[in-house]
């Protein structure tokens, strides 16, 4: 079974002014803070009703919490939510707001709109100056059955991805479980058609820059504050209607069968650095999926970080998680791609993606095994050189 998420997103954010189509970012009008009993009751419903995750996160963000977040509560949250990182981050941020409500409060509406407008200009400006580059994706692909989120790894891929302003993104499959792939699986923007399983495109320049282009008419609203990798951020929610969307879901039962495609709407959140006006995280959920389409749910999360290419720092993806749910007959299957981006470097005009091999990338560094490692305070981090 092959399932693909072709993420070509668009959204609106034209110049700020009296006629701006930006919706006015509204101040939240929460009810009483969420009690420990309410939170735990909703948490225990998640294994049976995973869709309740969105409601629980919204309740925490809008109402806040009236209880301390202990290590025991975080452990219980991880167990009942399937180690859901967004729920954990939302709970931890709510605890910071409980302890220091002034520092963690949303800015005034006018400041929120101005921040979003500056982010739009910075994002589009950076996309226009993006150099041609090469990067390696290391993808761990997992599946689960029956809506359990009990993920089982079924393969690991290594993929070279090149980006050129005049050609977009191109892909070459370098290895499957450490072994060279078959010749016909190696290159092309649709390598997943031959490989099978869940694949995705559009995690790079296109996905984020198109989120701030006018044609898709996204609606933004301030929703929350958060601290992401030591940076203070404002979280904006956005909605893109299907009629203005370019996000495509593709389903292929096997590599030899004809695929099905559909355009979907989507909604999500962006985390905007309050000082640098750049998006540090993008999450989206597909909506308006046709009821008879085999893929019934699709979500993605992309983290962006600063990388150096040709002695200039650029904000590019560091990690992405893609999750899809599909139904085929009575079988319900979930798939998950956990993608790491490594070895960014300049991609010369004379180089072809088909000539790239594993040896063209630096050796993979081991992943961090110290989750409690203290980060350098943001004020001490050297400012990046902007393109």
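In our numbering, the protein residues as written are 799 to 1185. For every residue, glycine included, the Cβ atom is placed at its ideal position computed from N, Cα and C. Model, not experiment: these values are computed from the prediction.
- When the five nearest sequence neighbours on each side are left out, the beta carbons in the same chain lying within less than 6 Å of the beta carbon of residue 1132 are those of 942, 1123, in order along the chain.
- Looking at 861, 1095, 1022, 1057, the one whose alpha-carbon comes closest to that of residue 1130 is 1095.
- Across the set 934, 1077, 1033, the C-alpha of 1077 shows the shortest separation from the C-alpha of residue 919.
- DSSP places residue 931 inside the beta strand (DSSP E), whose first and last residues are 931-943.
- Excluding five sequence positions before and after residue 947, the CB atoms of its chain that fall closer than 8 Å to its own CB belong to 848, 880, 1132, given in chain order.
- Secondary structure of residue 952 (DSSP, three-state): strand.
- A contact is defined here as three or more CB-CB pairs under 8 Å, and the region 848-864 meets this definition with respect to the region 878-895.
- Scanning the region 958-1038 for uninterrupted alpha helix (DSSP H) segments of 4 residues or longer gives 990-993, 1003-1007, listed from N- to C-terminal end.
- Taking a contact to require three or more Cβ pairs closer than 8 Å, the region 1037-1050 and the region 912-927 do not qualify as touching.
- In the DSSP assignment, residue 1049 falls within the unbroken beta strand (DSSP E) covering 1046-1050.
- Here the alpha carbon of residue 1105 sits roughly 24 Å from the alpha carbon of residue 887.
- For residue 1141, the uninterrupted beta strand (DSSP E) run begins and ends at 1129-1144, by DSSP.
- Taking 8 Å as the upper bound for CB-CB distance, residue 960 and residue 932 are in contact here, some 5 Å apart.
- Across the structure, residue 976 and residue 936 are spaced so that their CA atoms are roughly 11 Å apart.
- Boundaries cannot be given for residue 1087, as no alpha helix (DSSP H) includes it and DSSP labels it neither H nor E.
- In the three-state reduction of the DSSP assignment, residue 868 falls in the coil class, being assigned neither a helical nor a strand state.
- Under the DSSP assignment, residue 840 falls outside any beta strand (DSSP E), being part of the alpha helix (DSSP H) whose first and last residues are 834-843.
- For residue 879, the secondary structure class from DSSP, reduced to helix, strand or coil, is helix.
- In terms of Cα proximity to residue 1115, the closest of 1064, 1136, 1109 is 1136.
- Distance from the Cα of residue 1125 is smallest, within the candidate group 863, 832, 1089, for 1089.
- 8 Å or more divides the Cβ of residue 1026 from the Cβ of residue 1072.
- Taking a C-beta distance under 8 Å as the contact criterion, residue 1085 and residue 1067 do not qualify as a contact pair.
- C-alpha of residue 846 to C-alpha of residue 900: approximately 37 Å in a straight line.
- For the options 1101, 970, 953, the alpha carbon positioned closest to that of residue 1029 is the one of 1101.
- Comparing alpha-carbon positions, the option among 864, 1120, 842 lying closest to residue 830 turns out to be 864.
- In the structure shown, the three-state DSSP call for residue 1063 is strand.
- Just so you know, the alpha carbons of residue 1061 and residue 921 end up roughly 25 Å apart.
- Within the same chain, and ignoring the five residues on either side of residue 1035 in sequence, the residues whose Cβ sits closer than 6 Å to its Cβ are 1019, 1021, 1067.
- Per DSSP, the unbroken alpha helix (DSSP H) holding residue 854 starts and ends at 850-861.
- Assigned with DSSP and collapsed to three states, residue 1094 falls in strand.
- Taking 8 Å as the cut-off, the Cβ atoms of residue 892 and residue 862 count as close.
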